[in-house]
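So the sequence lines, in the order shown, correspond to chains A and B. Residues 1 to 234 (the working numbering) make up the first sequence, in order. Residues 1 to 117 (the working numbering) make up the second sequence, in order. We put the CB at the ideal spot given by N, CA and C, even for glycine.
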Amino acid sequence: MKRILLVEDMPEFQKLVKRTLDHCAVTVAGTVKEALGQIGKNDFDLILLDISLPQDSGYTLLSELRGAKMLDRIPVICLTSKSEIADKLTAFSLGAQDYLVKPFDPLELRARVDTKMRLNTNLTPACIRAGGLEIDFATHRVFDLDQKRQEVKLTRTEFKLLCALANAHERVLSRDQLLVAVWGEDARVNDRAVDVHLCGLRKKLAYKGPFIQSVPGVGYRFSAQDQLRGEIAA
Amino acid sequence: MKTTAAKTPLNPVVLDRLQALNQPGQADIVQELVADFLEHLPVRSNELRQACAGGSISDVVRLSHSLKSAAALLGLEVLESVCREIETHPDEGTVLLPRFDRHLADAQAALHKYLHR
Chain A
1 MKRILLVEDM PEFQKLVKRT LDHCAVTVAG TVKEALGQIG KNDFDLILLD
51 ISLPQDSGYT LLSELRGAKM LDRIPVICLT SKSEIADKLT AFSLGAQDYL
101 VKPFDPLELR ARVDTKMRLN TNLTPACIRA GGLEIDFATH RVFDLDQKRQ
151 EVKLTRTEFK LLCALANAHE RVLSRDQLLV AVWGEDARVN DRAVDVHLCG
201 LRKKLAYKGP FIQSVPGVGY RFSAQDQLRG EIAA
Chain B
1 MKTTAAKTPL NPVVLDRLQA LNQPGQADIV QELVADFLEH LPVRSNELRQ
51 ACAGGSISDV VRLSHSLKSA AALLGLEVLE SVCREIETHP DEGTVLLPRF
101 DRHLADAQAA LHKYLHR
């Protein structure tokens, strides 16, 4: 069951949204502070956010989520009585993916939520199969499909590097791009760290190591002919 | 200011649309929403009156905005309209309060009538 965080202080709307989305597990937070507490404790598939809240506004939460780089993973739909175009533009500029004005048609809300979660799932599949490897994002494990699905034991950094390269679909990633993907924008790591960890990764991938190709003066790419994407069957 | 003459205290189409959410075995969503609204109405309206009488402009805006949303959810068009006027002209809250009170009473009566139709 998909998990939704509803940030809304009015009991009528809390009740209406819960009933409308009764196919999801809806957690309610009445303030931005409560919402941040919930986000810290639980994984949510989507956030429904009112803008006019007691104390801090919904914009504050959007800014916090954007600062923490969480908006790529958790889509936010604003659900608010604020119908001015300026309010909508502010919400979108802060990273909201959708905006629905109250009072809304419950069926429209349900359709938007389901669509948003479906699209988000498609963007971040549970696993990638590339070059005879299966990379499982949920469990952070890698399996060699040509070796009876034997697990390839990787360090956390090696796993992140492999994910970044496999997700790039044969595009070349520079060392800087890989640095950001693995260590984040604020990391103080020399770009040679990329080379060191990639060397270790190649060794662990054994005969599949050459799939990680060095492109002189540019960076690296993961190149495999039989790249397939898909979700692991439940 | 906008006129509220063309609007009705309660637009039943709005509540009928909400009825579509009811599934067998579930409590009536409209009954629940109306009960919640009526339960919180005395506190919300008193807070708004007090804010209009001497509170800050931001309180008047916030409280009238909340009441406007709740009224719109239940199709209380005239009440929604006067709350919108207070939200838009918070410094004229005291002038608008008598009309607010009148429409509030009409909205309550219309909700009771809808529930017992």
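Buried is the label assigned to Gly58 (chain A), since at least 16 other Cβ atoms lie within 10 Å of its Cβ.
Under the 10 Å beta carbon count, His65 (chain B) is surrounded by 16 or more other beta carbons and is classified as buried. Burial state of Arg84 (chain B) is buried, judged by a 10 Å Cβ sphere holding 16 or more other Cβ atoms.
Three or more beta-carbon pairs separated by less than 8 angstroms are not found between the stretch 147-160 of chain A and the stretch 64-84 of chain A, which leaves the two stretches without contact.
Nearest Cα to Arg175 (chain A) within the set A:Arg192, A:Asn167, A:Arg188, A:Leu162: A:Arg192. For Lys204 (chain A), no Cβ of chain B is located within less than 8 angstroms of the residue's own Cβ. When DSSP assignments are scanned along the stretch 85-161 of chain A, the uninterrupted stretches of beta strand (DSSP E) that are 3 or more residues long and fall wholly within it turn out to be 98-101, 127-130, 133-136, 141-144, 150-152. The continuous beta strand (DSSP E) containing Phe222 (chain A) extends over residues 219-222. Straight across, the Cα-Cα distance linking Ala96 (chain A) with Leu62 (chain A) is about 7 angstroms.
Here Thr80 (chain A) carries a strand assignment [DSSP, helix/strand/coil].
If the five residues before and after Leu65 (chain A) are omitted, its C-beta is found closer than 6 angstroms to the C-beta atoms of Leu71, all from its own chain and listed in chain order. In the assembly as shown, Thr8 (chain B) is an exposed residue. Its beta-carbon has fewer than 16 other beta-carbons within 10 Å. For Ala25 (chain A), the uninterrupted beta strand (DSSP E) run begins and ends at 25-29, by DSSP. Listed by position along chain B, the residues whose Cβ is nearer than 9 angstroms to that of Thr60 (chain A) form an empty set, because the closest Cβ is around 15 angstroms away. When DSSP reads this structure, Arg3 (chain A) sits in a beta bridge with A:Ala25. Rounded to whole angstroms, Arg118 (chain A) and Ile4 (chain A) show a C-alpha spacing of 13 angstroms.
For the 8 angstroms CB-CB criterion, Lys102 (chain A) and Ser69 (chain B) form a contact. By the C-beta criterion, the stretch 199-214 of chain A is judged to be in contact with the stretch 155-163 of chain A, since at least 3 inter-stretch pairs fall below 8 angstroms. Counting C-beta pairs with one atom in each stretch, the stretch 84-92 of chain A and the stretch 197-205 of chain A have fewer than three that are closer than 8 angstroms, which means they do not touch. For Val215 (chain A), there is no enclosing alpha helix (DSSP H); the enclosing beta strand (DSSP E) covers residues 212-215.
Under the Cβ criterion (8 angstroms, minimum of three pairs), the stretch 37-52 of chain B counts as touching the stretch 80-94 of chain B.
For Lys15 (chain A), the chain B residues whose C-beta falls within less than 9 angstroms of its own C-beta are Ile29, Glu32, Leu33, Asp36, listed in chain order. A residue is called buried once 16 or more other Cβ atoms fall within 10 Å of its Cβ, and Ile86 (chain B) is buried on that count.
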